[in-house]
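Written out below as structure tokens is the structure these notes cover.
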Amino acid sequence: MRGGVCFVVGAGAVLPRALGHYCFHRLVTNGTETEPWQYVRNVTAGPATYTIPNLPLYQENPMLDVNSENMRCGRNATISGRGSDVATVVAGGTVGFLSSSMIGRDFYHPGPGLAYLSKSPLGTDVRDYDGSGEWFKIEEVGLNLTLAGEPGHEHDAQWMLQGLHEFVIRIPESTPPGEYLLRAEQIYPWAKWNETQFFVNCAQINILGPGGGRYPWADCKVSRGLFE
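Here the sequence shown is numbered in UniProt numbering, starting from 1 and rising by one per residue.
See the structure below:
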């Protein structure tokens with residue numbers, strides 16, 4: 001997935017570094033907070049450099065390698081779909097991903113939040129879909145620049161997802177019905193080479209609705225991987 005948004009038409013230094021990590025482990029549907037990994041594909045632990053003894057949710061470790069297929073849905077999540085259920089979602093409505101952060105249970109890091117959909121191929125149960133098909137972006141939560149540039153606030157720009165506990169995503173009303181992977185991502189930029197942190201998870205959803213929209217790659221090419 002490259003730049004350009006494509007839509008369906010129509011605690012500080014005293015804390016260990018990894019304590020700021022989290023994952024999108026719980027889905028909110030119809031106003032109900034579901035159980036961890038009930039609809040979100042489970043992932044495996046990250047590299048040893050991010051290991052903390054007794055960390056309850058070792059799945060919180062971020063992704064670093066943008067060339068890995070694990071960037072689709074998290075570590076080994078291309079094959080973990082059978083361990084989670086499929087949530088029913090109505091097009092035009094919203095779903096949410098909850099943060100598992102140990103620091104106030106919020107999205108602790110700065111950086112943008114993004115959401116993508118990938119439709120399961122015809123005849124393939126979404127629980128068996130590895131995410132190797134097309135993806136398109138349906139949500140982007142960036143900077144709040146309301147105060148930026150005002151006297152005394154020249155540098156006041158806030159990442160809108162930072163500090164929240166829920167990443168709310170609206171499913172476009174004209175999304176063609178069917179089973180999809182819904183991918184949530186937050187990117188924590190780092191100046192050092194290959195240390196930008198990607199927090200990535202995928203929920204399995206079945207979208208209901210009248211459809212009517214066309215897939216955005218009719219007008220905008222999206223790579224078959226996430227990055228090229």
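Each residue gets a CB set at the ideal place from its N, CA and C atoms; glycine is no exception.
Can you name the start and end residues of the beta strand (DSSP E) that residue i belongs to?
| i | result |
| --- | --- |
| His25 | Phe24 to Thr29 |
| Glu140 | Phe136 to Val141 |
| Gln204 | Gln197 to Leu208 |
| Gln38 | Element bounds for Gln38: n/a, residue is neither H nor E. |
| Ala87 | Ala87 to Val90 |
Residue i bridges to which residues according to DSSP?
| i | result |
| --- | --- |
| Gly96 | Val28 and Val168 |
| Ile79 | According to DSSP, Ile79 bridges with nothing at all. |
| Leu182 | Leu117 and Ala203 |
| Trp159 | Leu143 |
| Glu33 | Val28 |
Quick check on residue i: does DSSP put it in helix, strand or coil?
| i | result |
| --- | --- |
| Val66 | coil |
| Arg127 | helix |
Does the separation of the CB atoms of residue i and residue j fall below 8 Å?
| i | j | result |
| --- | --- | --- |
| Gln186 | Gly111 | yes |
| Pro177 | Gly209 | yes |
| Val126 | Tyr180 | yes |
| Phe198 | Phe97 | no |
| Ile169 | Ile138 | yes |
| Ile171 | Val40 | no |
| Pro135 | Arg75 | The sequence shown places Trp at residue 135, not Pro. Taking 8 Å as the Cβ cut-off, Trp135 and Arg75 do not qualify as a contacting pair. |
| Glu173 | Ala91 | yes |
| Ser80 | Asn30 | no |
| Gly131 | Arg72 | yes |
| Ile205 | Ala87 | yes |
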